[in-house]
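Counting in the numbering used here, the sequence shown runs from -18 upward without gaps.
For glycine and all other residues, C-beta sits at the position ideal for the given N, C-alpha and C.
First comes the structure, then the notes that go with it.
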Amino acid sequence: MRPEDQLIERRREKLAKLREMGVEPYPYKFQVTHTSREVKEEFDSLSSARDPVSVAGRIMSVREHGKTCFSHIQDWEGRIQIYIRRDVVGDEAFSTFKLLDIGDIIGVRGTVFRTRTGEITVEVGSFQVLCKSLRPLPVVKEKVEGDRRIIYDPFTDKEQRYRQRYVDLIVNPDVREVFRRRTETIRALRNFLDERGFLEVETPVLQPVYGGASARPFVTHHNALDMDLYLRISNELYLKRLIVGGFEKVYEFSKDFRNEGMDRLHNPEFTLLEAYQA
């Protein structure tokens, strides 16, 4: 049996054990009050008032110290450390936590404090298993200095990164940042055009005649009309028709398709912005 299969088998055994203990490993609901970023930003007020917080995330590290455990959980806005004490959560809950692995998702409720090293941490009063992961994550060697994560052995298997993009997103924060910056860029472009009176429109993706660029299209067939249609290679022609129809400023963010060669920077499916002004 491959090492990965052995790990999966052990995780399945832990899953069965959780169910034997009456723990639902895949609940449908957990109420979150703060993200990891919000806890850090509001730390002063939360810690002074001892206000409880609820945070959910994926377990990314675990350090056991007898009757206590430190762990980092990761949500979509970052990571935060949690601190679990057996005498606080109880024997049964502590035993449940010991059955969890890196990659599992949990929700925690508790209060916040700073450790002696200055790291903002949630002291867990209770927690809930939200998802028991059966497949192990790639190992990424890293260390934490304050609020900074220093990665010195990143996940670099290109084949797995491109075929399993979700794994890449989990373990590589720089990749997640690319997604955020793309969204911010599109938002800035849209705001720029809106502020100048442009009208955002949608034009057909399936077109009877393709044009607007010199490229080979993808061909599909419309059964009801018994005719071939083409996935658009450009939205230029339809935007110009809108200009003719009386709209003086138009733009569109469109998904376009070109049936040509491909590489890492040249994909057959891509996002295109076109804007026209009379």
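Residue i to residue j, Cα distance in whole Å?
i: E250; j: R161; result: 20 Å
i: R95; j: G71; result: 23 Å
i: G47; j: H53; result: 17 Å
i: R144; j: A30; result: 47 Å
i: T137; j: G59; result: 21 Å
i: E229; j: V34; result: 51 Å
i: R97; j: N240; result: 58 Å
i: E100; j: D32; result: 18 Å
i: F24; j: V93; result: 7 Å
i: R146; j: M2; result: 34 Å
i: I86; j: P8; result: 11 Å
i: T166; j: T252; result: 13 Å
i: E5; j: C112; result: 9 Å
i: K139; j: N153; result: 12 Å
i: N204; j: L174; result: 38 Å
i: L81; j: E45; result: 12 Å
i: L170; j: A259; result: 19 Å
Taking DSSP as the reference, what is the three-state secondary structure of residue i?
i: V152; result: helix
i: L235; result: The residue you asked about is not Leu; residue 235 is Ser in the sequence shown. The answer is strand: DSSP assigns S235 an E or B state.
i: Y133; result: The predicted model places Y133 with a pLDDT of 48, which falls under 50 and marks its position as unreliable; any figure quoted below should be read in that light. Reduced to three states, the DSSP call for Y133 is strand.
i: E158; result: helix
i: Y147; result: helix
i: S17; result: helix
i: D56; result: strand
i: K10; result: coil
i: V228; result: First, the residue type needs correcting, since residue 228 is Phe and not Val in the sequence shown. Here F228 sits in coil by DSSP.
What are the boundary residues of the beta strand (DSSP E) that includes residue i?
i: V36; result: V34 to H46
i: T252; result: E250 to Q258
i: I63; result: G59 to R66
i: Q(-13); result: Taken as a continuous stretch (DSSP letters only), Q(-13) belongs to no beta strand (DSSP E), being part of the alpha helix (DSSP H) at P(-16) to E1.
i: H203; result: V200 to H203
i: Y211; result: M208 to L212
For residue i, which residues of its own chain have a beta-carbon under 7 Å away from its beta-carbon, when the five flanking residues on both sides are left out?
i: V43; result: C50, S52 and I83
i: I214; result: Y191, G193, A194, A196, P198, D237, F238 and R239
i: S55; result: Ser is not the amino acid found at residue 55; the sequence shown has Gln there. Once the five neighbours on either side are set aside, the close Cβ partners of Q55 are G38, R39 and M41.
The alpha helix (DSSP H) spanning residue i covers which residue range?
i: Y143; result: K139 to R144
i: Y219; result: E217 to V225
i: L27; result: F24 to A30
Excluding five sequence neighbours on each side, which residues of the same chain lie with their C-beta closer than 6 Å to the C-beta of residue i?
i: V231; result: L180, V182, L220, L223 and Y257
i: N216; result: T184, E233, S235 and E255
i: L27; result: V93
i: Q109; result: F11 and G88
Keeping to the same chain, check which residues put their C-beta closer than 8 Å to that of residue i; ignore five residues upstream and five downstream.
i: L115; result: I(-11), R(-8), R(-7) and L(-4)
i: V103; result: V20, V34, V36, I61, Q62, I63, Y64, V89, G91, T92 and V93
i: L150; result: V156, R157 and F160
i: Y211; result: L187, Q188, P189, V190, Y191, P198, F199, V200 and T201
i: R177; result: K230
Closer than 9 Å, CB to CB, is residue i near chain B or not?
i: L115; result: Given the protein chain composition of this structure (a single chain), no chain B is represented.
So within the stretch 157 to 186, which uninterrupted beta strand (DSSP E) runs reach at least 3 residues, ignoring any that extend past its ends?
Contiguous beta strand (DSSP E) elements confined to the stretch 157 to 186 do not occur, taking only those with 3 or more residues.
Which runs of the beta strand (DSSP E) fall wholly inside the stretch 63 to 117 and span at least 3 residues, in chain order?
As for any beta strand (DSSP E) of minimum length 3 sitting wholly inside the stretch 63 to 117, the runs are 86 to 95 and 101 to 112, ordered along the chain.
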